[in-house]
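In what follows, a structure is listed as structure tokens, so that the remarks can point back to it.
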């Protein structure tokens, strides 16, 4: 979560065009405006690295709702990767993933989580694409989750 005095940037590559957006907190709410590469470059000239989030296209990543039969968060977090591995069309070892929004399941009393998964090769390709255009992203976010 951004604090009142923070600014972060986002970048997305659409065809041959890079789209840059600045996010700032204005009157307690996030405000988004488009900006140019020169602004991001200027912001990164200090000792701190500029927060630059890049978008991972949904066609190169997966979101999957998973459920564990445990009410203990600790136990559920241990089995979520195994449950996720069974549901993927490729081995979990070939991927990077994160588990988001762990909450109680309405159905059976266990815990659910939203898993975001991408193959390591797809992540490397995305990072390479951004770097070839002069962007050194500090995070790579699932585009669908970032927008919705």
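In our numbering, the protein residues as written are 892 to 1039.
Backbone N, C-alpha and C fix where the C-beta goes; we use that ideal spot for every residue, glycine too.
Asked	Found
Per-residue burial, residue 959 [other beta carbons within 10 Å of its own, 16 or more giving buried]	buried
Touch test, the stretch 1001-1015 against the stretch 921-932, Cβ-Cβ under 8 angstroms, three pairs minimum	no
Beta-carbon proximity check, residue 1029 vs residue 944, cutoff 9 angstroms	yes
Buried or exposed by the 16-neighbour rule on C-beta atoms within 10 Å, applied to residue 981	exposed
DSSP three-state assignment for residue 958, whether helix, strand or coil	strand
Whole-angstrom distance between residue 902 and residue 909, CA atom to CA atom	7 angstroms
Pair within 9 angstroms by beta-carbon distance, residue 1000 and residue 967	no
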